[in-house]
Amino acid sequence: MGSIAPLEKKPHAVCVPAAAQGHIGPMLNLAKLLHHNGFHITFVNTEFNHRRLLKSRAIPDGLPPSDVDATQDVPTLCESMDRTCLGPFRELLAELNDTSSSKVPPVSCIVSDAVTAFTLAAAEELSIPEVLFWTASACSYLGYFQYAKLMEKGIIPLKDASYLTNGYLDTVLDWIPELEGIRLKDLPSFLRTTNPDDFMVKFVLQETQRARKASAIIINTYQQLEHGVLDALSSYLPPIYTIGPLHFLDNHVHDKSLTDIQSNLWKEEPECLEWLDSKDPNSVVYVNFGSIAVMTPEQLVEFAWAPDLLIANETFCWCPQEKVLSHPAVGGFLTHSGWNSTIESISYGVPMICWPFFADQQTNCWFCCTKWGIGMEIDNNVKRDDIESLVSELMAGEKGKEMKKKAMDRKKLAEMAVTDSNSNLENLIQFHNRKY
68 MGSIAPLEKK PHAVCVPAAA QGHIGPMLNL AKLLHHNGFH ITFVNTEFNH
118 RRLLKSRAIP DGLPPSDVDA TQDVPTLCES MDRTCLGPFR ELLAELNDTS
168 SSKVPPVSCI VSDAVTAFTL AAAEELSIPE VLFWTASACS YLGYFQYAKL
218 MEKGIIPLKD ASYLTNGYLD TVLDWIPELE GIRLKDLPSF LRTTNPDDFM
268 VKFVLQETQR ARKASAIIIN TYQQLEHGVL DALSSYLPPI YTIGPLHFLD
318 NHVHDKSLTD IQSNLWKEEP ECLEWLDSKD PNSVVYVNFG SIAVMTPEQL
368 VEFAWAPDLL IANETFCWCP QEKVLSHPAV GGFLTHSGWN STIESISYGV
418 PMICWPFFAD QQTNCWFCCT KWGIGMEIDN NVKRDDIESL VSELMAGEKG
468 KEMKKKAMDR KKLAEMAVTD SNSNLENLIQ FHNRKY
C-alpha cells in the first residue's frame, strides 16, 4: 500500500495478524483504516497463508506446508509462531529500515495481534511504539487475565479428568469484577486441563503478561456494549482504544483500491444472497460455525437429524457473512459465538442461538445469554429435539420476540458507536505521532 507523500515523513505501520481467518480479517480492516488515514502499511503474513493472500510480506511460521488444516489447530499454531517467527520478523524490520535499499518509509510502529506478542521484543529493540490488537471481545480478554488468579487459588489445573464432567465446571466465581456470577465453564476454555504444564495455559499467562508492556491496546468493541468490562480491563493494561464495530468503520472507507483487498482464505459463495432474496423477512435461520470450530461426530448426527431444521436443504461453504446477517430474510443466527460473528450479529440486530466450542466462545456466549439478553445457549451434549425447540422459540416464541427487540436496541447502539470509534482511531493516531 503505497502513497505520494515523501517517504521519510510518512508513518509506517507493520501489521502482524495471527495466522487464522478470524484474526486476519480484523487486522486487514484495521490496516485499511490506517492506510486511509495516511499510513504506509506493511502487512505481514505467515508463509502458510501468504500463498492464499496477495500484497503481503511473509515470514516463516514453522507450519507444515503439506497440512491444509494447519491453522485450525490453535495450540500448534500458537506454539509454532511463538517459537519460529521472532528471528524472521527482526530480519524483515531490518530490511524495511535499510536506507540503502528500502523503498518504503522507516517503520514508525508495529501493530500486532495480541496473541503474536513476540513482536514486542523487536519493537523494544528499535525503540518504536507497539500497539497490540485484541481481535476478540473485551469480556473474553478479562477472562484470560483471570488464569493467573485461578492457578494461585488452586482452581486450575483440574485435579483429574472427572472434574470435566462431575459438575466442578459449574463452580460460580463471585470475585471477578464485572464477571460476577460467571461459572468456571464460561471462562475461555483452555483452562479445562489436568496438565500442570499445559501449553495453552502457559501461553495465556505469557501473552497477558506481555500485553502490559505494549504502548497501547486496541479492542474491536465499543463502550456502549462492554463499558464495565473495559473499565475493569484498564487496571491490567496500558491505554485501551475501542474501535468497534470495526466492520462498520471499514464500511466508511470508499477507496476502491482498499475495498478490493479481501482477507478470506476460502472462496465466498455470493449465490446465497440470491437465495435469500426469494425468502420472506425474518424467515431464515443462518447457521455458521466459523473457520475453526469442529463438531464431534455425535453432535453432527444430532444436528443433521434435527426435525425440520433444514427444510430448504440449502448449504453454502463460505458466505459473505455481513451481507447475510444484514439481509432482511435472516431472523436468527445459530453461531459458534466467535467474536467476529457475535459483534456482526449484534450490529445487524440478529438474535442468536449460541453453541460455543472453545477459547473465547464460552465467554461471548455467557454475555449474549446472561448479560445482553440476545442469545440462547445450546447445551454441549446437544439433542436434536433441543435444537428444534430452540429454533422454534427463536423464530416464533415469546422469548424470541423479546430477544429480537433487545437485538434491535443493541443494533442502534452499535451504529451510534461508530462516531466514538472514529474519534478513538484519530486519538490513537495522535498517540502514535506523539510517541514516534
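If you read the sequence shown in this note's numbering, its first letter stands for residue 68, the second for the next number, and so on. We treat Cβ as the ideally placed atom computed from N, Cα and C, and that holds for glycine.
According to the DSSP assignment, residue 141 belongs to the alpha helix (DSSP H) that extends over 141-151. DSSP places residue 496 in the helix class (H, G or I) of the three-state scheme. Excluding the 5 residues flanking it on each side, residue 483 has same chain C-beta neighbours closer than 8 Å at 291, in chain order. Per DSSP, reduced to three states, the secondary structure at residue 270 is helical. When the alpha-carbon of residue 200 is set against those of 89, 399, 454, the nearest one is in 89.
For the pair of segments examined, the segment 229-240 was found not to touch the segment 306-314: the number of CB pairs separated by less than 8 Å stays below three. Annotation for residue 355: the continuous beta strand (DSSP E) segment containing it runs 351-355. The three-state secondary structure of residue 401, taken from DSSP, is strand. Linking residue 171 to residue 99 through their CA atoms gives a straight-line distance of about 17 Å.
By the CB criterion at 8 Å, residue 300 and residue 214 fall outside the cutoff.
Assignment of residue 200 by DSSP, reduced to helix, strand and coil, places it in the strand class. As summarised for the segment 407-463, the continuous alpha helix (DSSP H) elements at least 4 residues long and confined to that stretch are 428-433, 451-463, given in chain order. With 16 or more neighbouring CB atoms inside 10 Å of its own CB, residue 423 falls in the buried class. By the CB criterion at 8 Å, residue 194 and residue 83 fall outside the cutoff. Take the alpha-carbon of residue 279 and the one of residue 389: they are about 33 Å apart. Taking C-beta atoms as the reference points, residue 285 and residue 304 fail to come closer than 8 Å. One Cα belongs to residue 104, the other to residue 81, and the distance between them is close to 15 Å.
Ranked by Cα distance from residue 254, the options 239, 264, 409, 391 are led by 239.
Here residue 240 carries a strand assignment [DSSP, helix/strand/coil].
A direct Cα-Cα distance of roughly 26 Å separates residue 111 from residue 211. Residue 85 is positioned such that its CB atom lies closer than 8 Å to that of residue 182. Spanning the alpha carbons of residue 452 and residue 458 requires a straight line of approximately 10 Å.
Distance check between residue 401 and each of 150, 427, 425, 432 places 432 closest, using alpha-carbon atoms only. Under the three-state reduction of DSSP output, residue 212 falls in the coil class, being neither helix nor strand. Of all C-beta pairs linking the segment 466-483 to the segment 440-454, three or more are shorter than 8 Å, placing the two stretches in contact. Here residue 386 carries a coil assignment [DSSP, helix/strand/coil]. The beta-bridge partner set that DSSP reports for residue 339 is empty. Counting the other Cβ atoms within 10 Å of the Cβ of residue 276 gives fewer than 16, which makes it exposed. Per the Cβ contact rule, the segment 157-169 is not in contact with the segment 239-252 (fewer than 3 Cβ pairs under 8 Å).
Residue pairing from DSSP places residue 80 in a beta bridge opposite 108, 176. Excluding sequence positions up to five before and after residue 187, its CB lies within less than 6 Å of the CB of 197, 277, 280, all in the same chain and listed in chain order. Around residue 315, the same chain offers 485 as residues with beta carbons nearer than 6 Å, after the five sequence neighbours per side are excluded. DSSP lists 239 as the bridge partner or partners of residue 250.
Taking all protein chains shown into account, residue 96 has 16 or more neighbouring C-beta atoms within 10 Å of its C-beta and is therefore buried.
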